[in-house]
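Colleague:
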Amino acid sequence: MKVTVNKDRCKECGLCIHHCPRKAISKCDVLNANGYYPVQVDDEACIACGMCYITCPDGVFHVSGNTEGEVK
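Here the sequence shown is numbered in numbering that gives the first Met the number 0, starting from 0 and rising by one per residue.
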């Protein structure tokens, strides 16, 4: 399973960082096209639980490879 991030949609709200059970999400140090510091996912720590997808109000995350169906 893999989580991908659409960095240009991120508005730096931090909800995903707060709710990630593995603390696998952090802010980048480079601004996105809209002037925000988007998030990045540590693939080593991420368990693709989908919590970031559920909490993100901007649809930044895509979880793929889930054996029970993809979370989009």
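Beta carbons are placed, not taken as given, at the ideal position from N, Cα and C, and that holds for glycine.
Let me check one thing: in DSSP terms, what residues is histidine 61 bridge-paired to?
Modeller: Partner(s): Thr3.
Colleague: Go through its chain and collect everything with a Cβ distance to valine 29's Cβ below 7 Å, but skip five positions before and after it.
Modeller: Correct list: empty, nothing qualifies.
Colleague: Hey, would you say cysteine 45 sits closer than 7 Å to valine 2, going by beta carbons?
Modeller: Against a cut-off of 7 Å, the Cβ pair of valine 2 and cysteine 45 comes out as a contact.
Colleague: Below 7 Å between beta carbons: does that hold for cysteine 9 and proline 37?
Modeller: Yes; because the gap between Cβ atoms is below 7 Å, this pair is in contact.
Colleague: Which residues in the same chain have their Cβ closer than 8 Å to the Cβ of glycine 58, if we skip the five residues on either side of it in sequence?
Modeller: If we look at glycine 58 and ignore the five residues flanking it on each side, its Cβ neighbours are Asn5, Arg8.
Colleague: Quick one: residues in its chain with C-beta nearer than 7 Å to the C-beta of methionine 50, no 5 flanking neighbours on either side, listed in chain order?
Modeller: Answer for methionine 50: His18, Cys19, Pro20, listed in chain order.
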